[in-house]
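With UniProt numbering applied, the sequence shown corresponds to residues 1 to 290, in that order. One structure below.
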Amino acid sequence: MKHQDLIAIDIHTHAEVSCWNPFDNYGEEYDRAADKFFSSNRRPTIEETVAYYREKKIGLVMFTVDSESQLGRRRIPNEEIAKAARDNSDMMIAFASIDPHKGKMGAREAERLIKEEGIKGFKFHPTVQGYHPYDKMAWPIYEVINEYKLPAIFHTGHSGIGSGMRCGGGLRLAYSNPMHLDDVAIDWPDMQIVMAHPSFPWQDEALSVATHKPNVWIDLSGWSPKYFPKQLIQYANTLLKDRILFGSDYPLITPERWMKDFEVAGFRPEVMPGILKDNAVRLLGLDKAV
């Protein structure tokens with residue numbers, strides 16, 4: 001990634017539509033509920049998303065969420081996202097998502113994706129994937145990530161997925177309490193853990209874990225900055241200023257809206273460049289690239 005040419009790096013964007021696989025409408029009610037919750041029904045292809053970010057001169061990290069075990073929905077291929085990143089390597093990085101229920105087979109896939117596809121990190125969504133982050137079921141995959149010293153993004157806090165559905169679509173919010181990541185940070189110290197989103201209703205827990213464990217970061221995706229809890233802004237301005245990351249959750253929130261609200265949300269001018277780009281450069285190892 002030619003980060004010097006970019007105004008920001010969005011650490012949290014989603015692949016929504018596969019151009020390799022036919023559309024899987026199984027469980028489409030989750031999409032409709034999410035559309036209602038987020039007041040958005042944008043479903044761009046990977047290529048459309050990349051073109052959009054290129055026009056804005058913003059780098060992006062993209063991933064899907066593999067929830068085949070819990071939701072029964074066919075995932076977007078990690079390889080499809082990886083190819084898009086190779087084709088746009090000046091401004092895009094691909095993370096992979098592997099359902100933790102796949103255990104050792106998932107670990108084999110993780111290593112193959114790193115070695116053969118150029119994957120630079122991983123994405124987990126405990127609520128949607130149906131597991132506690134510290135469950136030893138996931139350890140084979142974590143072991144690979146830790147060995148290669150790569151980052152892993154974990155959804156934390158409330159989930160728009162399932163919101164408003166009968167029984168919340170059967171999805172359990174408690175899986176995404178950020179305190180569960182405290183054990184993961186201890187057991188896998190070479191895995192850089194990114195807690196995604198303001199972690200409502202557990203914001204203080206997230207700040208505590210990130211302050212205590214130096215391999216834990218926070219991305220600010222999924223919310224407009226004007227709604228951020230005041231303590232999150234306080235820590236971003238002080239103790240955690242070097243481990244706070246810009247993320248939009250695109251296409252649910254656009255980077256233009258996020259960045260416009262960011263300007264007036266109370267962040268100190270001296271910490272804003274780090275949040276928008278410089279911290280991501282370090283997390284992704286771009287400062288060490290030859």
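Using N, Cα and C, we set each Cβ at its ideal position, and we do this for glycine too.
| said: Please return the same chain residues whose Cβ sits closer than 6 angstroms to the Cβ of Ser-224, not counting the five positions on each side in sequence. | reply: Asp-261
| message | I'd like to confirm the pairing. Which residues does DSSP put opposite Trp-217 in its beta bridges? | response | Val-194
| message | Buried or exposed, going by whether 16 or more other CB atoms sit within 10 Å of the CB of Glu-16? | response | buried
| Buried versus exposed, by CB contacts within 10 Å (16 or more), Tyr-227 | exposed
| query | Below 8 angstroms, can you find three or more Cβ-Cβ pairs linking the segment 28-46 to the segment 236-244? | reply | no
| Would you call the CB atoms of Ile-93 and Phe-122 closer than 9 angstroms? | no
| task | List the whole-angstrom C-beta distance separating Gly-118 from Ile-141, where the pair is believed to meet the contact cut-off of C-beta under 8 angstroms. | result | Going by Cβ atoms, the distance from Gly-118 to Ile-141 rounds to 18 angstroms, so no, they are not a contact pair.
| field | Beta-carbon spacing of Asp-249, His-14 below 9 angstroms | value | yes
| Could you give the residue range of the alpha helix (DSSP H) that holds Met-259? | 255-262
| request: Kindly indicate which residue of Ala-96, Leu-71 and Ser-67 has the alpha-carbon position closest to the one of Glu-80. | output: Ala-96
| Do you know offhand how far Leu-181's Cα is from Tyr-134's? | 7 angstroms
| said: Assuming Lys-277 and His-3 are in contact, meaning their beta carbons sit under 8 angstroms apart, how far apart are those beta carbons, in whole angstroms? | reply: 7 angstroms
| request: Kindly identify the DSSP beta-bridge partner or partners of Gly-59. | output: Ile-9
| Segment contact, 8 angstroms Cβ cut-off, at least three pairs: the segment 149-166 with the segment 193-204 | yes
| query | Anyone know if the C-beta pair for Ile-11 and Lys-56 falls short of 9 angstroms? | reply | no
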